[in-house]
Structure formats: C-alpha cells, structure tokens
Amino acid sequence: MDPQAAPRQTLQKDYIKSFLGICKIAQIILSIMTFAFSSSCPWGSLGGGWVGFVSMTGFINAVIYFVLHLFNTIPPVFVNYFVELISYAIFTLFFFIAGIVAAAKGHLDGLIVAAAIFCFGALVAFLMDTVIQGLEVNKAWRERNARRAVPTSEPAHI
C-alpha cells in the first residue's frame, strides 16, 4: 500500500477555533453540566432518569464526534455527514423533551431548574450543529449528483 495514499490522521488545531468545534465544545460542557445538576437531586422516578440518560449519551456522542473531527479521522463523504446529521437531529429532539420534563418538575428543587436551563442550552448547541450538518449533507449530496450527471459529448441515437 502506498503511504502517500493513506489518509493522514493529524491534529486539526483549526477545528477547535471553527464554528463546529466551538459547537461541539459547548455541547460537551452543557451536557455534562445538565447531567451534574440532574443527578444532584433525587428525582429519578419523576423524570430525572430521562434527563440524566439524554445528557450523558449526548455528552458521549459529542466527545466521540469531537475527537473524530479533531484528529481528522472522518473522511468527508456523504454517508458520514448523513449519519452525523441523524445523530444530532435525534439528540436535538431528546434534549427538547428532557428540557420540558425538567422544566415541568422545576418547582421541586432549584437544581432541577438549573438542569432545565442547561438542557435548553444544550438543545440550542445541538440544534446549531444539526443545521450546519444539514447544510453539509445538502452540499455533499449536490456534489455527488453533479459527478454522476456528467454530460456526454455524443448525442444519443434513437
């Protein structure tokens, strides 16, 4: 195998400063803060379990994608953008539901109110990333279709 053809896995320092990198960092921080506040109060049977589950799985998902993008291990192909788009769309919906659950039980404790606030903050961060990924999927889809539809120079004979 040619070493020049192998993809290079290098640290992308510019990714941390980019909009997507900042979104991922915000998702990581807001998800772990939501988890910390939701698990500090004993309200597991009242919806706290759902909020904790969503925040921790969102945290793990954001960390995995952050590391994959930071070390340039995701090749820029249509399928990878689409999988990431679906993942972030699902977490956007989950954080919306978890935020509503936490806000509805906010009268029980101030920590639940804090969890709801950070949950809606994480919702905004995941929503921004979903929109950006949607634009990337649209761009990759158009490029893929443009490569397929290469016009021929010969007229078709019927």
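Residue numbers (the numbering used here): 917 to 1074.
Ideal Cβ placement from N, Cα and C applies to all residues, glycine included.
Report back the beta-carbon spacing between residue i and residue j to the nearest angstrom; my notes put them in contact at under 8 Å.
| i | j | result |
| --- | --- | --- |
| Gly-1022 | Leu-946 | About 17 Å separates the two Cβ atoms, so there is no contact after all. |
| Tyr-1004 | Thr-1046 | 4 Å |
| Val-967 | Ala-1014 | 5 Å |
| Trp-959 | Ile-1028 | 6 Å |
| Val-1053 | Leu-1001 | 5 Å |
| Phe-1011 | Cys-1035 | 6 Å |
Could you pull the start and end residues of the alpha helix (DSSP H) that residue i belongs to?
| i | result |
| --- | --- |
| Phe-969 | 964 to 986 |
| Asp-1045 | 1026 to 1064 |
| Thr-950 | 935 to 955 |
Given a threshold of 16 other Cβ atoms within 10 Å of its Cβ, counted over all protein chains shown, does residue i qualify as buried or as exposed?
| i | result |
| --- | --- |
| Thr-926 | exposed |
| Ser-961 | exposed |
| Lys-929 | exposed |
| Gly-964 | buried |
| Leu-1051 | exposed |
Any heavy atom of the ligand COA closer than 7 Å to the beta-carbon of residue i?
| i | result |
| --- | --- |
| Leu-1009 | You won't find the ligand COA in this model; it holds no ligand whatsoever. |
Cβ of residue i less than 8 Å from any chain B Cβ?
| i | result |
| --- | --- |
| Asn-977 | Among the protein chains of the structure shown there is no chain B, as only one such chain exists. |
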